[in-house]
Structures are given as C-alpha cells and as structure tokens.
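Novice:
Numbering (my numbering), first residue to last: 555 to 1414.
#1: For residue 982, does the three-state DSSP call read helix, strand or coil?
#2: Which residues bound the beta strand (DSSP E) around residue 856?
#3: Hey, how far is the Cα of residue 623 from the Cα of residue 565?
#4: How big is the Cα-Cα spacing for residue 1062 and residue 714?
#5: Please report the residue range of the alpha helix (DSSP H) in which residue 697 lies.
#6: List the endpoints of the continuous alpha helix (DSSP H) containing residue 778.
#7: How far does the beta strand (DSSP E) with residue 1138 in it reach, from first residue to last?
#8: For residue 969 and residue 947, which I take to be in contact (beta-carbon distance under 8 angstroms), what is that distance rounded to the nearest angstrom?
#9: Threshold first: 4 residues or longer. Then list the alpha helix (DSSP H) segments lying entirely within the stretch 1112-1197, N to C.
#10: What would DSSP say about residue 713, mapped onto helix, strand or coil?
#11: Please name the residue, chosen from 762, 696, 819, 809, that lies closest to residue 736 on a Cα-to-Cα basis.
#12: Tell me the DSSP secondary structure of residue 1075 in three-state form.
#13: For residue 679 and residue 1102, what's the separation of their Cα atoms in angstroms?
#14: Exposed or buried, residue 616, counting other C-beta atoms within 10 Å across all chains shown (16 or more means buried)?
#15: In terms of residues, what are the limits of the alpha helix (DSSP H) holding residue 661?
#16: Would you list the one or two residues that DSSP bridges to residue 1052?
#17: For residue 590, count neighbouring C-beta atoms within 10 Å of its own C-beta (all shown protein chains included) and say buried if the count is 16 or more, exposed if not.
#18: By the three-class DSSP mapping on this structure, what secondary structure does residue 734 have?
#19: Which whole-angstrom value describes the C-beta separation of residue 862 and residue 569, a residue pair presumed to lie in contact below a C-beta threshold of 8 angstroms?
#20: Using 10 angstroms around the beta-carbon of residue 594, count the other beta-carbons present and answer buried if the total reaches 16, otherwise exposed.
#21: Is residue 973 helix, strand or coil when you go by DSSP?
#22: If we ignore side chains and look at the alpha-carbon of each, how far apart do residue 688 and residue 1007 end up?
#23: Whole angstroms are fine: how far does the CA of residue 1056 sit from the CA of residue 795?
#24: Can you look up residue 1352 in the DSSP assignment and give me helix, strand or coil?
#25: Could you tell me which of 585, 757, 581, 1092 sits nearest to residue 1071, measuring between CA atoms?
#26: Using only the alpha-carbon positions, how far apart do residue 936 and residue 1100 sit?
#27: When the Cα atoms are used, what is the spatial distance from residue 1109 to residue 668?
#28: Compute the distance between the beta-carbons of residue 883 and residue 891, then report whether it is under 9 angstroms.
#29: Out of curiosity, what's the CA-to-CA distance linking residue 1001 and residue 701?
#30: Would you report the Cα separation of residue 955 and residue 967, rounded to the nearest angstrom?
#31: Since residue 802 contacts residue 740 with CB under 8 angstroms, what's their CB separation in whole angstroms?
#32: What are the residues that DSSP puts in a beta bridge with residue 543?
#33: Go through its chain and collect everything with a Cβ distance to residue 738's Cβ below 7 angstroms, but skip five positions before and after it.
#34: What are the start and end residues of the alpha helix (DSSP H) that includes residue 1032?
#35: Please state whether DSSP places residue 834 in a helix, a strand or coil.
#36: Go ahead and pull the three-state DSSP assignment for residue 748.
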C-alpha cells in the first residue's frame, strides 16, 4: 500500500519545517524571462486576425474593438429623418445574432416561460437544501451514536496515513465489516469466475516457477508457462469480472473482499513472473506487454474552483506519499495551476513543495481594492494578464513547453482551454496536441474566467527560444465553462479508462451525495445495506437533483437563457464532473469568503490536511489498480526495441539513433521522387541520431538538450495563410505572419497580381499539387474510395475526426492515414507508448524511402 520505507513522504503538515519557506526548491528564483513576457504583452495588445477578407482588402479602414467583454461597442449616431428613411429602404433586412431565435411565438413566450422555469428551479433548490439538512440531522441523531461516533471522530483526527489505517480497521471491526470481507458472495461482481481464475493462475504460476528452478514440469504437452500466459492474456482486462466495481470498496472503511484482494495479488505475481522470468523470449515478452495494453491507464483530474483548488495539494500529497501519483495529470482553471506544479517537478522536489510554506509563493491575489477596482472598471477584469503570467511562471518552472515538461519529469500534463468565440471546439493541450505551447500561457488561459481575467493568447516557443502567438493569435478562456473533466479526450489520446477526479468546484461540490455510500465511506447503519437518511430521504434527494438537471436542460435546449459575453453558461452545470473515483474534500464556510484571496500558511495547512483525509479512504482502491498497471508499463519500457524512439525522458547520449523526419525533409524527398520517377535514397543526415543533428537548444537548464519541432496542421495553415497575406514576403515559417499596411497596399497596386477571391479558393489551388502531377485525367474520385468510405461506415464522431484525413488500404494492403487522392506515406503506430493514434511515429524501414502513389499512377 503506502511506501513502507517512507521514501516518498515529505514533511508532515504539523512539522515546524513545513512552515519554513526557505526549504522550498527555487524559492528565491522567479523563473521570469522579461523578453518572453514582453512578447506576451505584445500579443495581447495586437488586434485579432479577422477571418473576413474584406478587412484585408481595405487596409485604410480603422480597426475598431471593444474595451472589454463587458463594454461592447454601441456608439449612438444622429441623422436626419429624410436621409434615415432613404437609407432604411436601401438597407437589407436586419438579422439577429442568433437566427434560430425568431418567430412570433418564441418572442411572446420566451420571457414568461423563463420566469416560470427559474422560479421552479429556485423552489427546487430550496427543497434540496431542506432535504440535505434533514439527512444530516438524521445521521447525526440516529446513525452516529455511542462507540461508533467516538471511533469515527478519532478517524478524522489522524495526521498520518498509518494511524488512519489503524483507526479505520478498528471501526470496521466494531461495525462487523470483517465478516463481509470474508464472504466471497456479492451481487456486484462475479465471485465464481474470480475464484476459479485465481486458483488456476496460482496453480500455473507455481508449476512454471518449479519448472524454471529445474524441479519439475511435464515431459510432453503444453508447458505451464504457456498456460499461464494464455490465462493472463484472457483475464487481465479493465474491470474483469467486475472486480473494479467501486461498490466493492464502499462497504468498508479500508479494504475490500478478501477474494478480490487475492485476485489482485495473484495477477501481480503472475505478471512479474512472466515479464521478468527466463522462460519467455524478449520478443514474446514484448508481444505480451502490448497485448495487455488494453488494461488502460490511470489519470488524475483536478477540477477548477478558484482558491478551492488548493485542496488539490493535499490530495496530490496523499498520492505522492503512497507512491501512487499517476503519470497522466489534467487540470482546469485553478486545478491547472496545481497540475502544472506536479508535472514540472520531480518527486524529490514535490516532497519539499507540498507543504504549508508553499503559501509564500501564492501571491496572485495580493493587490488591494484601490488597485484592482479601477482596473476592473477600465478593462472588465479584476486581474492583469501579464502580472498573473509572471506569478504563474514559478509554478510552471519558467517558460517550459508541454514537451519539455514531459521530458523533464515523464508526466503528461493536460490543460483544458476554451476558445473565446462560442463556436470553436475546446482543446486539451498536452505534449501531443500542442508540444511547443508554453505551459504558463495555457494555465493562464484555462483560468481566464469572464470578469476575473480577460481571454488571453496562447504562446508557443520556436526553435531559437523566442515566443510567438499560438493558433493564429486567437484568444482562449476558462476550461471549466465546457470541459472541467475531459475524460473523452484523455481516453482518445492516452487510453485512460480509470480516472481519479478531485472535485472542488463550489457550485458542484454541494450536490455530491452518495445515497449508498462511496469508496471508503460506507453507510454505517443496517450493516451497510441501508440508505443515507433512510430510503425516503435518499429518494427525495435523488428526485430533486434529477428534476433540477431536467429543467436546466430545458433552459438550454429551448435557448431561453441569455448569453452574457456571448457564452453559453449552461455547461457549468450540465457537463460531467465525476470519474471512476471522485474525491470531494469537505469545505468550510470561510472558504467562500476567501474564494479570491491568497491563503496564509495556517489556512493552506488546513486545506492540505483535509485533502489528505479525503484521499486516504480511496488509496486502497487506487493501489490495487496501479499495482497491475505499473507492471505492464514497466514491461513496455523494458521490452521496447532499440530502434523505437523512447517517449520517456532520458539523456541524449542514450537516445535512439533514429529520428522523426520533419515536414521539410519529407517534402524534399517527395519532390525529388516526383522529378526522377525512381526510388530516392535517404541522406545520411536524416538518419543521424537526434542528439548529433544541428539544432538550437530550447531548454535553458540543459544546453545539450535539443528539441525538434514537429510539424502540425496549424503550422501548415500558418504557412498557407502567410502566403495569402504577403505573397512576396521572405519570412520564415517560425515567424508570426502579420501583413503590414505596405504589404497590403502593394498587393492591390496595378503592377501586382491581385489575390484570389476567397481563402477557400486559394487553399484549393495550393492543395491541388497533390493530385495534378502525373494523374490520369480519366481517373475519378470513386476509384480511390474504399468500401468503408463508400458506405460511410468508418465515419467517426465529429469531435474525433482529424481534418483532411481518412482511413483506407492501399494496393499493398497496408492501412494508412492519407489525404483524399494525395500521395501516401506509410505510418507505423504499432509500438507507441500510450497506444493512441495521436502518438504514432514515422519509421524508416531500411535506407530508402518509397512513396506510393495512386492506383493509376506509377510506383516511385
């Protein structure tokens, strides 16, 4: 369970050393690069690029923008009655901002219906608070009495995990939960299957161990190790037989069924034997570890919640002390700041950081009303973006990018960001989707709540270490508005199917209620078979909560709610806020008063301790899950071939000699192949190991560390739009493309060629080179469409489809990802670390690159 050697434990909250801020790593280093923040301020002040081509064709027009989201442009104009009537006749009919909100019936019934629904929601809210008060009184005066109340009170007073476990076991013995553990039968898992698999796995493992020692084994027939391997491949799956059902851990304060614990221990022992023994070859071990990758991975998800997010420090400390901190961490809003701290520091540094003295570095809300009051009136935001960026840089360890943070600690940081316009999709920034994005800019964007912080520009780091706007300079804001817990994206990118959610949002935390108990917090009356507050109390709570959810959906789908700042605010209630394990620390009323203020060391110590108390009941469930997951992950690392680029951080002199070719290298080889119509030999420079290729460093700590810039779809669009905006410019691809007034005037002079009518036409012209060379004029698009494409069976959901891409098979039966009718480049995704399409690596099979063209064209 917890680390018995306490090698991962940091100073306890009650220790005097925990209040000494000089023990914090880098406590006197702000990690501020003034040039980076000047570039950030310049990007914030620059006007956003308009998608309208009319604005580009008329550079003499003045760009007008609102001061902030709260003060839009609404300038009153005076005109004469005659001229006004004449212009009204010529003017086109005025359309609303939302054309679906039209019609006589809608306009007539909208506000009366809105008032009625809001009134009913208010009534339901009052009824819900009354129901929860009744349940609290019922538990206080009926359930918790006598010895069980004394043991429960002692459980909440413990300051170390070992003492908490001992108190939890005493409470379980008093309530008779030990008998429940010994009884294998239970309605929420398949006890017969689990028992049979455990016995067979133990038998095969013992025979295989005896055979490896040379003391036994059959002369003929199938070897025990083969039988054990087949059984492991069939049974090591996510929630096999229901053994990971949270209800199995919701009947006791510590532990689960003895049979379930025996199954977990036996699976761990069998996996260690198979993957570390001598009876399987390295290739068999590699195949087995890949086969077991369907077990999935675990992620820690930290919700938003302003200063309530400081409870996350206690939950992270509990996981770190038990050596159970997952490698995949995601954060939103306030949780993004905590996630950035966890993902940019090593375990040794975190042991000294997750202490009350950390309050010394939390100074984001230190300004007085005389400072932020005029700013809010002038800009519509309480806090200044550049000032917050400088204070955030310490938690992100300077201007580290997502890729650099991953290479430093091996943890995958994910930050949810929402675009400032209401129509674009959200992004989950990580080292796969946004490797060059600076972490502090994403954390700042994820915390940009309207009225608190204005939307900000994401920044990316180019090859020479300079910062420039990311995603065309578009602005982003708080991720909690749409995706507080991005479970779907985590599953897509990193095969996450087990989530630990730390939920501290104040508007959501009040509605978390487990009528049948939760992990480590059982219903203690009627021997765990009762309901909290009695059946009627739990039924009333469930009905009111579901009715509230229903009427909130009515407001959203009928579009009755107004949209202040152009934002649909219904998602702050109707999105998913829970995971496989949901931890909600018990807050106090003073937290609402200090919701936008910096914590003192004493207040932070209380929040860390309460976070630990909330996490300790869940650690046994998490430990059983990660005991198997860690063995599989370690086997994946140990059996990875030397020719496969390792995604885990390691010194450059130990890296593989193969390197991913950039877009420029591939395009050069493609052009050469088109010209010669023969196979093209790959130059030795492209096969040079990554640490020997001449690239500029981007890590100030390690000058020997070099980072290659991976091609992305946003970079291609930047290049295409840059060519549209300034055809004669000689700027490089790493510079921000913003046309000057002189460039626009030259583009429309009589001596220059005018630009095309629209951006889409120019994109079609630019992309036509992919299918115009050596193409058969009689070939139609239908000849290149596979069976899946014709019937539409492989069409993915809208959120999961990558732009301009589809799947199919070429003439040689190789499954590829390709653009329609374009040249095909084989992609090998057989051994990525996370098993996701987003992590596929281009491989060079031999010393020649073969580019396969369409069916009607010749092979090159």
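Note that beta-carbon positions come from the ideal geometry of N, C-alpha and C, so glycine has one too.
Remember, it's a predicted structure, so these values are computed and weren't measured experimentally.
Specialist: Working from what's here:
#1: Within the chain shown, the letter at position 428 stands for residue 982. DSSP places residue 982 within a strand segment (E or B) once states are collapsed to three.
#2: For the purposes of this step, residue 856 is identified with residue 302 of the chain shown, where counting begins at 1. Residue 856 -> beta strand (DSSP E) spans 851-856.
#3: Position 69 of the chain shown, counted from the first residue, corresponds to residue 623. Position 11 of the chain shown, counted from the first residue, corresponds to residue 565. A caution first: residue 623 carries a pLDDT of 49, below 50, which makes its placement in the model unreliable, though a value can still be read off. The alpha-carbon atoms of residue 623 and residue 565 are separated by roughly 45 angstroms.
#4: Within the chain shown, the letter at position 508 stands for residue 1062. Within the chain shown, the letter at position 160 stands for residue 714. Looking at the backbone, the Cα of residue 1062 and that of residue 714 are separated by about 29 angstroms.
#5: The sequence position of residue 697 within the chain shown is 143, counting from 1. According to the DSSP assignment, residue 697 belongs to no alpha helix (DSSP H), since it is labelled neither H nor E.
#6: Numbered from 1 along the chain shown, position 224 holds the residue referred to as residue 778. Judged by DSSP secondary structure, residue 778 falls within the alpha helix (DSSP H) whose first and last residues are 778-789.
#7: In the chain shown, counting from the first residue as 1, residue 1138 sits at position 584. Unbroken run through residue 1138: none, as it is neither H nor E.
#8: Reading the chain shown from its first residue, position 415 is the one you call residue 969. Reading the chain shown from its first residue, position 393 is the one you call residue 947. Their Cβ separation, rounded to whole angstroms, is 15 angstroms, which puts residue 969 and residue 947 out of contact at 8 angstroms.
#9: Runs found: 1125-1128, 1143-1147, 1155-1169, 1173-1192.
#10: By one-based count along the chain shown, residue 713 stands at place 159. The three-state secondary structure of residue 713, taken from DSSP, is coil.
#11: Taking the chain shown and counting its residues from 1, one reaches residue 736 at position 182. Residue 736 has its Cα closest to that of 809, out of 762, 696, 819, 809.
#12: Within the chain shown, the letter at position 521 stands for residue 1075. DSSP places residue 1075 within a strand segment (E or B) once states are collapsed to three.
#13: For the purposes of this step, residue 679 is taken as residue 125 along the chain shown, with counting starting at 1. For the purposes of this step, residue 1102 is taken as residue 548 along the chain shown, with counting starting at 1. Roughly 8 angstroms separates the two Cα atoms.
#14: Taking the first residue of the chain shown as position 1, residue 616 is located at position 62. Since pLDDT at residue 616 reaches only 49, below the 50 mark, its modelled position is unreliable, and the value read off the structure follows with that caveat. By the Cβ neighbour-count rule, residue 616 is exposed, with fewer than 16 other Cβ atoms within 10 Å of its own.
#15: Numbered from 1 along the chain shown, position 107 holds the residue referred to as residue 661. From DSSP, the alpha helix (DSSP H) with residue 661 extends over 658-692.
#16: The residue labelled residue 1052 in the question sits at position 498 within the chain shown. Under DSSP, the beta-bridge partners assigned to residue 1052 are 852.
#17: For the purposes of this step, residue 590 is taken as residue 36 along the chain shown, with counting starting at 1. With 16 or more other Cβ atoms within 10 Å, it is buried.
#18: Mapped onto the chain shown, residue 734 falls at position 180. DSSP places residue 734 in the helix class (H, G or I) of the three-state scheme.
#19: Reading the chain shown from its first residue, position 308 is the one you call residue 862. Reading the chain shown from its first residue, position 15 is the one you call residue 569. The pair is not a contact, with the Cβ atoms about 25 angstroms apart (cut-off 8 angstroms).
#20: The residue labelled residue 594 in the question sits at position 40 within the chain shown. Counting the other CB atoms within 10 Å of its CB gives residue 594 a total of 16 or more, which places it among the buried residues.
#21: Taking the first residue of the chain shown as position 1, residue 973 is located at position 419. The three-state reading of DSSP puts residue 973 in strand, counting E and B together.
#22: Mapped onto the chain shown, residue 688 falls at position 134. Mapped onto the chain shown, residue 1007 falls at position 453. A direct Cα-Cα distance of roughly 39 angstroms separates residue 688 from residue 1007.
#23: In the chain shown, the residue the question calls residue 795 occupies position 241. In the chain shown, the residue the question calls residue 1056 occupies position 502. Going from the Cα of residue 795 to the Cα of residue 1056 covers about 27 angstroms.
#24: In the chain shown, counting from the first residue as 1, residue 1352 sits at position 798. Low confidence applies here, because residue 1352 scores a pLDDT of 37, under 50, leaving its location unreliable; read the following figure in that light. Three-state DSSP puts residue 1352 in a helix.
#25: On the chain shown, position 517 is the one that residue 1071 refers to. The shortest Cα separation from residue 1071 among 585, 757, 581, 1092 belongs to 1092.
#26: Translated into the one-based positions of the chain shown, residue 936 becomes position 382. Translated into the one-based positions of the chain shown, residue 1100 becomes position 546. Each residue's alpha carbon lies about 35 angstroms from the other.
#27: Sequence index remark: in the chain shown, residue 1109 carries index 555 (1-based). Sequence index remark: in the chain shown, residue 668 carries index 114 (1-based). About 8 angstroms.
#28: Numbered from its first residue, the chain shown carries residue 883 at position 329. Numbered from its first residue, the chain shown carries residue 891 at position 337. At least 9 angstroms separates the beta-carbon of residue 883 from that of residue 891.
#29: Along the chain shown, one-based indexing puts residue 1001 at 447. Along the chain shown, one-based indexing puts residue 701 at 147. The alpha-carbon atoms of residue 1001 and residue 701 are separated by roughly 46 angstroms.
#30: Within the chain shown, numbered from 1, the residue matching residue 955 stands at position 401. Within the chain shown, numbered from 1, the residue matching residue 967 stands at position 413. Their Cα atoms are separated by approximately 10 angstroms.
#31: Position 248 of the chain shown, counted from the first residue, corresponds to residue 802. Position 186 of the chain shown, counted from the first residue, corresponds to residue 740. Rounded to whole angstroms, the Cβ separation of residue 802 and residue 740 is 7 angstroms, and the two are in contact under 8 angstroms.
#32: With the chain covering only 555 through 1414, there is no way to say anything about residue 543.
#33: Position 184 of the chain shown, counted from the start, is the residue given in the question as residue 738. Taking C-beta separations shorter than 7 angstroms and ignoring five residues to either side along the sequence, the partners of residue 738 in its chain run 745, 749, 811, 813, following chain order.
#34: Stepping through the chain shown from its first residue, residue 1032 is reached at position 478. Counted as a single uninterrupted DSSP element, the stretch harbouring residue 1032 is not any alpha helix (DSSP H) but the beta strand (DSSP E) occupying residues 1029-1032.
#35: Looking up residue 834 in the chain shown gives position 280. DSSP places residue 834 in coil when its eight states are reduced to three.
#36: Locating residue 748 in the chain shown gives position 194, counting from the first residue. Residue 748 falls in the helix class under three-state DSSP.
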